[in-house]
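First up is the structure itself, then whatever we jot down about it.
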């Protein structure tokens, strides 16, 4: 089972460049989200989606865009990369909101360095 | 959102039990207590969750205080593979968005 797949695993950008982190899940989950993790810290929510066509902002949305055209895919776009966006990015999905369906499934992460 | 407090780090010997504490004194009556762990260079993975009663699964046990202001994740026999950062998270029963708040967690080291 693939679960949540993120690409690329590593990326180096120059300041001002744009790029898209891809996330796909094959579990037919309605909910998907993007987190970033800085060294020694926990995860912070960037954007999330509760279904195709529906997205909303999390704790740290500035500098990022998302869209959800299909249930499977939830790409994260960096519009103009800045060194402050150097981080490890995790995509997650879950089936629903209830205690039996709320378990988050995470991808392996995408390590981004902005020079 | 209600916050949790965990020790920054803990150490355990292999094959011994480990008790990872979490304080959540501002927990509301409907918040679920979730635990995740993050192995090195991986995304977090679900461990266990509960509301009021103690819970057991194949990975761990969760002991919840009677007043629900604290909980303890119990690994019955630590292995080297259990070395990870453990996150204690509170989650309301409905809604999404910022319901999963991952703090710094507890870094568990397991000594052979």
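Residue numbers (the numbering used here), protein chains in the order written: chain A, 1 to 115; chain B, 116 to 227. Ideal Cβ positions, reconstructed from N, Cα and C, are used throughout, including at glycine.
Between the beta-carbon of residue i and the beta-carbon of residue j, is there less than 7 angstroms?
i: residue 185/A; j: residue 26/A; result: What is shown of chain A runs 1 to 115, which leaves residue 185/A out entirely.
i: residue 47/A; j: residue 94/A; result: no
i: residue 134/A; j: residue 158/B; result: Absent from the model: residue 134/A. The displayed extent of chain A is 1 to 115, so no value can be given.
i: residue 31/A; j: residue 50/A; result: yes
i: residue 42/A; j: residue 217/B; result: yes
i: residue 107/A; j: residue 11/A; result: no
i: residue 173/B; j: residue 162/B; result: no
Could you pull out every residue in the same chain whose Cβ sits closer than 6 angstroms to the Cβ of residue i, ignoring the five residues on either side in sequence?
i: residue 187/B; result: 134, 136, 178
i: residue 88/A; result: 37, 109, 111
i: residue 219/B; result: none
i: residue 222/B; result: 124, 200
i: residue 140/B; result: 184
Identify, in the order they occur along the chain, each residue of the same chain with its Cβ nearer than 8 angstroms to the Cβ of residue i, setting aside the five sequence neighbours on each side.
i: residue 70/A; result: 52
i: residue 168/B; result: 179
Could you list which residues in chain A have their beta carbon closer than 9 angstroms to that of residue i, in chain order?
i: residue 144/B; result: The contacting residues do not exist; residue 144/B stays about 14 angstroms from chain A at best.
i: residue 157/B; result: 106, 108, 109
Once you ignore the five residues that flank residue i on each side, which residues in its own chain have a CB closer than 7 angstroms to its CB?
i: residue 129/B; result: 193, 194, 195, 225, 226, 227
i: residue 85/A; result: 63, 78, 112, 114
i: residue 206/B; result: 146, 147, 149, 214, 215
i: residue 103/A; result: 94
For a contact defined as C-beta to C-beta under 7 angstroms, what are the partners of residue i on chain B?
i: residue 102/A; result: 206
i: residue 42/A; result: 202, 217, 218, 219, 220
i: residue 90/A; result: 158
By the criterion of Cβ-Cβ separation under 8 angstroms, what are the contact partners of residue i in chain B?
i: residue 74/A; result: Chain B residues near residue 74/A: none, gap ~14 angstroms exceeds 8 angstroms.
Mind pulling the chain A residues with CB within less than 7 angstroms of residue i?
i: residue 181/B; result: Correct list: empty, because the minimum Cβ distance to chain A is about 20 angstroms.
Which residue comes first and which comes last in the beta strand (DSSP E) that contains residue i?
i: residue 112/A; result: 110 to 114
i: residue 128/B; result: 124 to 128
i: residue 5/A; result: 4 to 7
i: residue 19/A; result: 19 to 25
| task | Quick one: which unbroken alpha helix (DSSP H) runs of 4-plus residues sit fully inside the region 30 to 76 of chain A? Chain order, please. | result | Correct list: empty.
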